[in-house]
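Q:
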Ligand SMILES: [Fe+2]
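Numbering (our numbering), first residue to last: 237 to 422.
Structure representation (structure tokens):
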């Protein structure tokens, strides 16, 4: 079984302004063991991929979003997503993965809830060039509220296996559906 299966040429995808950390280097050249890489390194991978995101062919389609997985390794995977105006992904978790989301073009509005306390953590606008981290204990919804398209890079460690979607109720979030990685993504 291959331990590293990039869906694109890695050298053409990842660009760093400075040398990657040892953890990133290990993630790019894994020895075969699955491991969770740090949030800092997820940020660096997302920002590195952003330089090439516009050139990615997005071969999976929903009515308002196009996306593709551009890298798949034992320790993380990475996706590029194009959001049409009004595109929205309902509140969801990442099945235990930590995520870094880097906005390449346009801007996205994120609302998040703490899954442990059930408390709303409010809204934020993520603009081009900005990266947010999503811990495994966070559920979030993401939308393109702008007049133009948005483009973003999403990196998950461990690799994303699926998402649980939630509905806000009077007593907190209630899980309403689960989507596996084979059916999704994001
Ligand atoms: Fe997400």
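Every residue, glycine too, gets a C-beta built ideally from N, C-alpha and C. Model, not experiment: these values are computed from the prediction.
What do you reckon, are the CB atoms on residue 387 and residue 318 nearer than 8 Å?
A: On the chain shown, position 151 is the one that residue 387 refers to. On the chain shown, position 82 is the one that residue 318 refers to. Cβ atoms of residue 387 and residue 318: closer than 8 Å.
Q: Please report the straight-line C-alpha distance between residue 247 and residue 393, rounded to a whole angstrom.
A: Here residue 247 refers to the residue found at position 11 when the chain shown is read from its first residue. Here residue 393 refers to the residue found at position 157 when the chain shown is read from its first residue. Bear in mind that a pLDDT of 46 at residue 247, under 50, signals an unreliable position, so the number given afterwards is only what the model happens to contain. Straight-line Cα distance between these residues: approximately 20 Å.
Q: Considering only the beta carbon of each residue, do residue 382 and residue 342 sit closer than 8 Å?
A: Numbered from 1 along the chain shown, position 146 holds the residue referred to as residue 382. Numbered from 1 along the chain shown, position 106 holds the residue referred to as residue 342. Contact flag set, yes.
Q: With DSSP as the reference, label residue 277 as helix, strand or coil.
A: The residue you call residue 277 lines up with position 41 of the chain shown. DSSP places residue 277 in helix when its eight states are reduced to three.
Q: Could you tell me the alpha carbon to alpha carbon distance between residue 335 and residue 412, rounded to whole angstroms?
A: The sequence position of residue 335 within the chain shown is 99, counting from 1. The sequence position of residue 412 within the chain shown is 176, counting from 1. Cα to Cα, residue 335 sits roughly 22 Å from residue 412.
Q: Expressed to the nearest angstrom, what Euclidean distance is found between the alpha-carbon atoms of residue 349 and residue 290?
A: Sequence index remark: in the chain shown, residue 349 carries index 113 (1-based). Sequence index remark: in the chain shown, residue 290 carries index 54 (1-based). Roughly 30 Å between the two C-alpha positions.
Q: Is residue 337 closer than 8 Å to residue 304 when the C-beta atoms are compared?
A: By one-based count along the chain shown, residue 304 stands at place 68. By one-based count along the chain shown, residue 337 stands at place 101. No, these two residues do not count as a Cβ contact at 8 Å.
Q: Give the DSSP-derived three-state secondary structure of residue 354 in the structure shown.
A: The sequence position of residue 354 within the chain shown is 118, counting from 1. In this structure, residue 354 counts as coil in the three-state DSSP scheme.
Q: Using alpha carbons as the reference points, say which of 301, 352, 370 lies closest to residue 360.
A: Locating residue 360 in the chain shown gives position 124, where the first residue counts as 1. For residue 360, the nearest C-alpha among the options comes from 370.
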